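As structure tokens, the structure follows; a few thoughts come after it.
Protein chains: 2
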Amino acid sequence: MSRSKGRQLDTKAQLLTEAETFARQRGFDGFSFADLADNAGIRKASVHYHFPAKADLSLALIDHYREVFMDRLHQITATETTASARLLQFVDLYRQASEGGRSLCLCVALSVTQSALPTDSTAALAAFHRDVIGWLESVFRLGGRDGSIRQISDPRAEAQATMAQVEGAQIMARAAGHPARFEAGIATLVGRTV
Amino acid sequence: MSRSKGRQLDTKAQLLTEAETFARQRGFDGFSFADLADNAGIRKASVHYHFPAKADLSLALIDHYREVFMDRLHQITATETTASARLLQFVDLYRQASEGGRSLCLCVALSVTQSALPTDSTAALAAFHRDVIGWLESVFRLGGRDGSIRQISDPRAEAQATMAQVEGAQIMARAAGHPARFEAGIATLVGRTV
DNA sequence: CGCTGTCTACCATAAGGTAGGTAATTTGAT
DNA sequence: ATCAAATTACCTACCTTATGGTAGACAGCG
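Residue numbers (the working numbering), protein chains in the order written: chain A, 29 to 222; chain B, 29 to 222.
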């Protein structure tokens, strides 16, 4: 691995991380290429070298987020054996993403701005949701078998409801500016684990 | 009622309505004073006459939204007697606001952009949530008494969870670009009504 | 040499906002 | 009832800064 190549990857990855943070805290329209450049200590034109247009950035952002997030879900599947443990770990992912109301899941943040995004990005956004809901469905299916989650009707319905609940809980925590609101929003969900 | 005064109120109200639509479809950073002006058929400077700065607009927006929304909730209380009927009407409010994924509750849309809003607006946003959750809590309390909603643990927890669920369902419908996702996100909630 | 990653310098447009003017009304004192 | 003063709701014209984006140069490295 050459130094130059290493530096490129580092810079691009750093820009992506910064952009993610900005987008999740302020929304996709809430930061500019100049913000990214300032933060990374390079010039605006250099940011455009890595991401020609903001549309490209949005796509890279959601693709990267999706990849990292699904990796984490797979890791949960690998390390936790009961449905309840998996569900609690899942909720914890959103709890962390919420950062006490300071931040949101990228997916939630981008959904609001959606109309300004290119078709590729909205498709990736939809795919992210599909994948996560699919994973959750398998958790609830397991929960029906191992009995570690109470009152499961339809696993798919439960998966979709859960997704809605954790995303909504993030919004509530943000609106209230208080981490406790996130906990309150998901309490009925957590209360069902055995 | 003089003609001039009538016209002023009309224009201001129209601007507010337009701004609400824009904010809910594109987020608060997704439209400009120029957009509002074009849409209302007046000049940008005239928009500034009604709302000096965008911060003023954000506050007017959320205040108005809160007023209208709470009115609707009170109307539901006045016309529906069972907790289940009230809950279903509440969900319908969010279903309508979702507009098949094209729009969001103003509160959800503004929460994302929150960091760019003045303190007054974020306070009003928090107050909106507080009020709605309070109303929902009373519905679940009634549900415990009249038995029209199943499996109620703590009314306050249920209220917060419900709020999270309907808001999250809107985000999901938007991300999927499909009204059915909203229904899927709230199905477990609706399924509990008797 | 050719590629990578950065730079300076630029550009057009859009953004939020202000200054000052004007026609039509409304108000208030005579 | 009438007339001046104030107010309302709009206008044109302008300003500053930010924004997304491009062109072209240059240093370092394989």
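Idealized CB from N, CA, C, for every residue including glycine.
If you're wondering where the values come from, they're calculated on a predicted model, not measured in any experiment.
Candidates the options, of which the one nearest residue i by Cα
i	options	result
B/Ala215	B/Arg52, B/Leu115, B/Gly205, B/Gly172	B/Leu115
A/Phe97	A/Leu164, A/Glu186, A/Gly172, A/Thr39	A/Leu164
B/Thr39	B/Arg71, B/Ala189, B/Ala113	B/Arg71
B/Leu134	B/Val222, B/Ala47, B/Ala41	B/Ala47
B/Arg178	B/Leu217, B/Ala81, B/Thr49	B/Leu217
A/Thr190	A/Pro207, A/Gly219, A/Asp148	A/Gly219
B/Val119	B/Tyr77, B/Ala73, B/Ala151, B/Val167	B/Val167
A/Val194	A/Gly171, A/His157, A/Val222	A/His157
A/Gly171	A/Thr105, A/Leu121, A/Ala208, A/Asp148	A/Thr105
B/Thr49	B/His78, B/Ala73, B/Ala137	B/Ala137
B/Thr150	B/Thr45, B/Leu85, B/Ala113, B/Tyr77	B/Leu85
B/Thr221	B/Ser139, B/Leu121, B/Ala113	B/Ala113
A/His78	A/Ala155, A/Asp148, A/Leu44	A/Leu44
8 Å Cβ cut-off: residues of chain A touching residue i
i	result
B/Leu153	Ala203
B/Met191	Gly196, Met200, Gly213
Within 8 Å, strictly: CB atoms of residue i and residue j
i	j	result
A/Phe111	A/Ser181	Looking at the sequence provided, one finds Ala at residue 111 of chain A rather than Phe. Contact flag unset, no.
A/Leu153	B/Ala203	yes
A/Ala65	A/Val75	yes
A/Gly213	B/Ala125	no
B/Ala187	B/Ile161	yes
B/Glu108	B/Gln117	yes
A/Gly129	A/Gly205	yes
A/Phe210	A/Arg123	yes
A/Gln103	A/Ala68	no
A/Arg173	A/Pro183	no
Neighbouring residues, chain A, relative to residue i (Cβ below 7 Å)
i	result
B/Ile177	Those do not exist, as B/Ile177 stays about 12 Å from chain A at its closest Cβ, beyond 7 Å.
B/Asp57	Gly55, Asp57, Gly58
B/Gln124	Here the premise fails: no neighbours, minimum Cβ distance about 17 Å.
B/Gly219	Ser181
Interface partners of residue i on chain B, CB under 7 Å
i	result
A/Gly69	Those do not exist, as A/Gly69 stays about 23 Å from chain B at its closest Cβ, beyond 7 Å.
A/His157	Met200, Ala203, Ala204
A/Ala28	In the structure displayed, chain A extends from 29 to 222; residue 28 of chain A sits before or after that span and is not available.
Identity of the residues DSSP links to residue i by a beta bridge
i	result
A/Thr221	A/Ile177
Under 9 Å from the C-beta of residue i: neighbouring residues of chain A
i	result
B/Ala88	Within 9 Å Cβ-Cβ: nothing; B/Ala88 doesn't reach chain A, min ~18 Å.
B/Leu132	Ser139, Val140
B/Thr150	Ala203, Gly205
Contact set between residue i and chain B, taken where Cβ atoms lie within less than 9 Å
i	result
A/Ala137	Val140
Partners in chain B for residue i, counting only beta-carbon separations shorter than 8 Å
i	result
A/Glu186	Thr216
Closer than 7 Å: residue i CB and nearest the ligand ADP heavy atom
i	result
A/Leu87	No copy of the ligand ADP appears in this structure; indeed no ligand is present at all.
Note to self: Closer than 8 Å is the cut-off here; do at least three beta carbon pairs connect the region 197 to 206 of chain A with the region 74 to 89 of chain A?
What the structure shows: no
Legend entry - Segment contact, 8 Å Cβ cut-off, at least three pairs: the region 133 to 147 of chain A with the region 49 to 62 of chain B: yes
Would the region 93 to 109 of chain B and the region 91 to 100 of chain A be scored as touching if the rule is three or more Cβ pairs under 8 Å? no
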